[in-house]
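Trainee:
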Amino acid sequence: MTAEVKFVRLQCLETEDNGADEVYLHYNGSHLAGIHDIETGGQWQLDLVKRIDGEALVSLFDEDDIDEDDHLGTIVISESELNQGLRSQTFNLDDANYVLFYRVRPFEED
Ligand SMILES: [Ca+2]
Ligand SMILES: [Ca+2]
Ligand SMILES: [Ca+2]
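Under my numbering, the first residue of the sequence shown is numbered 4, with each subsequent residue one higher.
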């Protein structure tokens, strides 16, 4: 079985900073997307696809200038979520609250 993750959007229910966050995503420890400014109530449309083999880790961070960037959470996406439609998981460390929407779909060769 070969699958891929289609990232759809990141919804911000609560930022970590006062005001906008400057968020970015990692996929299995490598940069995936961002930095993107987002405010409470905002969403970030993603149009990204990554191969998945078994499980993948997705982490969300807020970039800060005067201190360390904040790790807002890490989720596990599993290949077993294949063909289950639009899925969502939450990042909620440091009193932030973000929801990532994605699908796991069969990998299609070009
Ligand atoms: Ca911060
Ligand atoms: Ca920040
Ligand atoms: Ca910080």
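For glycine and all other residues, C-beta sits at the position ideal for the given N, C-alpha and C.
DSSP three-state label for Leu96, please.
Mentor: If DSSP states are grouped into helix, strand and coil, Leu96 belongs with the helices.
Trainee: Which residues have their C-beta within less than 7 Å of a heavy atom of ligand 3, listed in chain order?
Mentor: Those residues, listed in chain order, are Asp65, Asp67, Asp70, Glu71, Asp72 and Asp73.
Trainee: Assign Glu7 to one of three DSSP states: helix, strand, or coil.
Mentor: In this structure, Glu7 counts as strand in the three-state DSSP scheme.
Trainee: In the DSSP output, which residue or residues are listed as bridge partners for Thr77?
Mentor: According to DSSP, Thr77 bridges with Ser62.
Trainee: Going by DSSP, name the residue or residues bridged to Ala23.
Mentor: Per DSSP, none; premise fails for Ala23.
Trainee: Using the Cβ count rule (16 or more neighbours within 10 Å means buried), how would you classify Leu16?
Mentor: When all chains shown are included, Leu16 counts as exposed.
Trainee: Please go through the same chain and pick out, in chain order, the residues whose beta-carbon is closer than 8 Å to the beta-carbon of Glu58, but skip the five residues on each side of it.
Mentor: These residues qualify, in order along the chain: Val79, Ile80, Ser81 and Glu82.
Trainee: Could you tell me whether any non-hydrogen atom of ligand 2 is closer than 8 Å to the CB of Glu19?
Mentor: The answer is yes for Glu19.
Trainee: Does the beta-carbon distance from Tyr101 to Val8 come in below 9 Å?
Mentor: Result no, Cβ atoms of Tyr101 and Val8 do not sit closer than 9 Å.
Trainee: Mapping DSSP to helix, strand and coil, what is Glu82?
Mentor: Helix, per DSSP.
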